[in-house]
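As structure tokens, the structure follows; a few thoughts come after it.
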Amino acid sequence: MAEHEHDHGSDHQHGHGHGSHAGHSHAVAADADRRWLWSALVLLVAFMAGEVVVGFAARSLALISDAAHMLTDAASIGLALVAMRLAARPARGGYTYGLKRAEILSAQANGVTLLVLSAWLGYEAVTRLVSPPEVQGSLVLVTALVGVVVNVAATWCLSKANRSSLNVEGAFQHVLTDLYAFVATAVAGAVVLFTGFVRADAIASLVVVALMLRAGTGLVRDSARIFLEAAPAGIDPDEVADRLVAAPQVEEVHDLHIWEITSNQPALSAHILVAPGGDCHAVRRGLQRRLREEYRITHATLQVDHLGEDERDGLLQIAPNSAAAAAEEEAREHCADAHGPVHRAGPHPH
């Protein structure tokens, strides 16, 4: 029974393509993303400076709120650029994943600033609804129309970058909500100019607040999922477990964990029990291929053992009980503190 020479404890591979061509393509893509972000940043900062002056001159909260939002836009892009540079650093020392989650920190910071800013602007807008000041509609309208053009250009720049990165998406959402804000402000300026209804300015600000709340909530939620190491959106762990346990020779899957290291970098670990006499190496290779092809999970660490094998001495010891009893005993021996459900072939509740 001691003929099984496979290494159970370390029988895993990551399946990454770390060749020079892959590294070169990632570097080129990152450089292109940085160029697009810098282009958007220059556009926003240049326009924001003029908008602050006009906003105070016209006494328009909508313009001032747009300028404040543009400041956070610029900060979000700057933060995204810093995070991209940090995330590109290689892993070293205790940081075994490098600083890849710097981008997720950036995305969460962008989401939080949107929520905080929306709370402040919402308070100011309600105050001005109760007691509206005089607003110069012509200045508001002209400035907002110019702002629409600038934000369309900035949004286009960011759309050319890799939006599958939550970091870039955070900056994009900032600028996109600012574009919507300028459209609302332009409408408010026209209403004030042609009807004299000055409360339109505060109403436009509330529209901006609603958009900021929506974008901020989404960013905080998505980044929190990664920090809490939840399964990536679109990947159902129970479904993955069912696909793994349906593979030939696989008797049981437990201790299954799926998480994201950073945006679009899912990882998985699991303990696989194979039928006595099965080829653990072949099973592991087949499962990793299935994960790669069906779920795009290329970072998979699988501990593969024979059902009934005693971890203490590495020998295959099949209990005299039934197969179900042997499976239960194996689960107790290998994983006294198992995490998550045990998956076996056949119908079972989720």
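Mapping of the sequence shown onto my numbering: residues 394 to 743, in sequence order. All residues carry an ideal CB built from backbone N, CA and C; glycine is no exception. Just so it is clear, the structure is predicted and the values come from calculations on it, not from any experiment.
Exercise. Name the DSSP beta bridge partners of S469, please?
Worked result: Within the sequence shown, numbered from 1, the residue matching residue 469 stands at position 76. The partner list for S469 (beta bridge, DSSP) is empty, contrary to what the question assumes.
Exercise. Three-state secondary structure (DSSP) at T694?
Worked result: Looking up residue 694 in the sequence shown gives position 301. T694 falls in the strand class under three-state DSSP.
Exercise. What is the rounded straight-line gap between the Cα of A675 and the Cα of L606?
Worked result: Stepping through the sequence shown from its first residue, residue 675 is reached at position 282. Stepping through the sequence shown from its first residue, residue 606 is reached at position 213. The straight-line gap from Cα to Cα measures roughly 50 Å.
For this session: Out of G671, S432, A597 and V445, point me to the one whose CA is closest to A547's CA.
Result: As a working note, residue 547 is residue 154 in the sequence shown. It is S432 whose Cα lies nearest to the Cα of A547.
For this session: Can you grab the Cα-Cα spacing for the pair L474 / V633, in whole Å?
Result: Mapped onto the sequence shown, residue 474 falls at position 81. Mapped onto the sequence shown, residue 633 falls at position 240. Looking at the two C-alpha atoms, the distance is approximately 35 Å.
For this session: Out of R428, W429, A468 and D426, point me to the one whose CA is closest to W441's CA.
Result: As a first step, residue 441 must be located in the sequence shown, where it is residue number 48. Contrary to the premise, residue 441 reads as Met rather than Trp in this sequence. The shortest Cα separation from M441 among R428, W429, A468 and D426 belongs to A468.
For this session: Counting only the same chain and skipping the five closest in sequence on each side, list residues whose C-beta sits under 7 Å from that of V438.
Result: For the purposes of this step, residue 438 is taken as residue 45 along the sequence shown, with counting starting at 1. Cβ within range, chain order: A467.
For this session: Could you check the C-alpha separation between V576 and A693 for me, to the nearest Å?
Result: Here residue 576 refers to the residue found at position 183 when the sequence shown is read from its first residue. Here residue 693 refers to the residue found at position 300 when the sequence shown is read from its first residue. The straight-line gap from Cα to Cα measures roughly 47 Å.
For this session: Would you mind sorting G504 into buried or exposed? The rule is 16 or more other CB atoms within 10 Å of its CB.
Result: Start at 1 with the first residue of the sequence shown, and residue 504 comes out as number 111. Burial call: buried.
Exercise. For N657, is the classification buried or exposed, using 16 other Cβ atoms within 10 angstroms of its Cβ as the cut-off for buried?
Worked result: As a position in the sequence shown, residue 657 is number 264, starting the count at 1. N657 is exposed by the Cβ-count criterion.
Problem set entry | Segment contact, 8 Å Cβ cut-off, at least three pairs: the stretch 575-590 with the stretch 524-539 | yes
For this session: Tell me whether R677 is buried or exposed, calling it buried when 16 or more other Cβ atoms sit within 10 Å of its Cβ.
Result: On the sequence shown, residue 677 is found 284 positions in, with the first residue counted as 1. Buried, since its Cβ has 16 or more Cβ neighbours within 10 Å.
Exercise. Helix, strand or coil: how does DSSP classify L649 here?
Worked result: Position 256 of the sequence shown, counting from 1, holds the residue named residue 649. Strand.
Exercise. Where does the unbroken alpha helix (DSSP H) through I665 begin, and where does it stop?
Worked result: Taking the first residue of the sequence shown as position 1, residue 665 is located at position 272. Taken as a continuous stretch (DSSP letters only), I665 belongs to no alpha helix (DSSP H), being part of the beta strand (DSSP E) at P659 to V667.
Problem set entry | As assigned by DSSP and simplified to three states, the class of R427 | On the sequence shown, position 34 is the one that residue 427 refers to. Three-state DSSP puts R427 in a helix.
For this session: Identify whether A639 lies in helix, strand or coil by the three-state DSSP scheme.
Result: Here residue 639 refers to the residue found at position 246 when the sequence shown is read from its first residue. Coil, per DSSP.
Exercise. Are the stretch 619-626 and the stretch 561-570 in contact at 8 Å, needing three or more beta carbon pairs?
Worked result: no
Problem set entry | Enclosing alpha helix (DSSP H) for Q501 [first to last residue] | In the sequence shown, the residue the question calls residue 501 occupies position 108. That run of the alpha helix (DSSP H) goes A495 to V523.
For this session: Inspect the CB distances between the stretch 584-595 and the stretch 518-530 and report whether three or more fall short of 8 Å.
Result: yes
Exercise. L464 and A608 look like a contact to me (Cβ under 8 Å); what is the Cβ gap, rounded to whole Å?
Worked result: Here residue 464 refers to the residue found at position 71 of the sequence shown. Here residue 608 refers to the residue found at position 215 of the sequence shown. That belief does not hold up - the Cβ atoms of L464 and A608 are roughly 16 Å apart, past 8 Å.
Exercise. By DSSP, does E687 sit in helix, in strand, or in coil?
Worked result: Reading the sequence shown from its first residue, position 294 is the one you call residue 687. Of the three classes helix, strand and coil, the one that applies to E687 here is helix, per DSSP.
For this session: Would you kindly report the start and end of the unbroken alpha helix (DSSP H) that includes S552?
Result: The residue you call residue 552 lines up with position 159 of the sequence shown. First-last of the alpha helix (DSSP H) with S552: G530 to S552.
For this session: Mind the definition here: the stretch 540-560 touches the stretch 627-643 only if three or more C-beta pairs lie below 8 Å; say whether that holds.
Result: no
Exercise. Grouping DSSP H, G and I as helix and E and B as strand, with all else coil, what is E622?
Worked result: Here the question's residue 622 lines up with position 229 in the sequence shown. Reduced to three states, the DSSP call for E622 is coil.
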